[in-house]
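Below: the structure, in structure tokens.
What follows is the structure, given as structure tokens:
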């Protein structure tokens, strides 16, 4: 696994959990959440760097090929693990259709991040860059997600909402384990090519912030909430009107700014 693979795969898990968490914790602004993710993401990269280690910087063709491979593997794992949602709905296949739009949003996010982060070289050069321990980066990222989820559920009483969050977290772990199993002996695409993308802290931060803000989280979460209720997760129904109202206010603000 490489830096962008790790970063975007962790973003996939975070985006998925975020849809559910935003439904429940709508008192927080999405700007606060994005800023927190940005700080944590760059901190994880720094923590996983190998002191004195170097590796060749990938060409853009190498990077694109590996990202496509990673996306295909991740989406295959999503389908493999999806039936875990039968714990919270009798119609997991209907819930999967709700997230078809989320798949497209994630694709847009990954493409935007890749195009803006300037992490690859247009042609082959033996240019050395600081090496990151990708296995450690991945471990730290997953550990951070699980810790955040545990903190959130700890503040909730036993009940349907807590069960929804726990199930979403279990799904994320299943996808992670499936993804790793598809790459035995931790030989991921970029390991085989013996190169890594270069993610500079400032550039990665700006790219992550820019690409994340392209998405209207409130609108997407409101629509997902309503679709999830229709697919059998009826315990979310009380949150959908609030999300819809928030989305309306967000759209109004954007129109006023455009005038």
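In this note's numbering, the protein residues as written are 7 to 265. The C-beta atom is built at its ideal place from N, Cα and C for all residues, glycine as well. Since the structure is predicted, the reported quantities are computational estimates derived from the model, not experimental observations.
Other residues of its chain near residue i: CB distance less than 7 Å, five sequence neighbours each side excluded
i: residue 176; result: 90
i: residue 104; result: 230, 233, 234 and 237
i: residue 53; result: 146
i: residue 124; result: 209
Residue i classed as buried or exposed, judged by whether at least 16 other C-beta atoms fall within 10 angstroms
i: residue 110; result: exposed
i: residue 60; result: exposed
i: residue 165; result: exposed
i: residue 245; result: buried
i: residue 157; result: exposed
i: residue 174; result: buried
i: residue 178; result: buried
i: residue 57; result: exposed
i: residue 210; result: buried
i: residue 140; result: buried
i: residue 80; result: buried
i: residue 251; result: exposed
i: residue 247; result: exposed
i: residue 193; result: exposed
i: residue 203; result: buried
i: residue 182; result: buried
i: residue 73; result: buried
i: residue 149; result: exposed
i: residue 99; result: exposed
i: residue 107; result: exposed
CA-to-CA distance, residue j to residue i, given in whole angstroms
i: residue 243; j: residue 95; result: 14 Å
i: residue 184; j: residue 78; result: 12 Å
i: residue 122; j: residue 65; result: 15 Å
i: residue 180; j: residue 93; result: 14 Å
i: residue 84; j: residue 135; result: 33 Å
i: residue 129; j: residue 195; result: 19 Å
i: residue 188; j: residue 198; result: 14 Å
i: residue 133; j: residue 200; result: 12 Å
i: residue 172; j: residue 131; result: 46 Å
Cβ shell of residue i (< 8 Å), same chain only, five flanking positions each side left out
i: residue 221; result: 111, 114 and 115
i: residue 191; result: none
i: residue 216; result: 118 and 122
i: residue 50; result: 143, 146, 147 and 150
Helix, strand or coil at residue i according to DSSP, with G and I counted as helix
i: residue 99; result: helix
i: residue 201; result: strand
i: residue 236; result: helix
i: residue 166; result: helix
i: residue 63; result: strand
i: residue 131; result: coil
i: residue 56; result: strand
i: residue 188; result: coil
i: residue 224; result: helix
i: residue 137; result: strand
i: residue 125; result: coil
i: residue 91; result: helix
i: residue 206; result: coil
i: residue 194; result: coil
i: residue 153; result: helix
i: residue 177; result: helix
i: residue 250; result: helix
i: residue 244; result: coil
i: residue 219; result: coil
i: residue 115; result: helix
i: residue 144; result: helix
Close Cβ partners of residue i (< 6 Å) along its chain, the five nearest in sequence each way excluded
i: residue 63; result: 127, 133, 135 and 204
Any non-hydrogen atom of the ligand GTP within 8 Å of residue i CB
i: residue 121; result: Within the structure as shown, the ligand GTP is missing, as the structure has no ligands at all.
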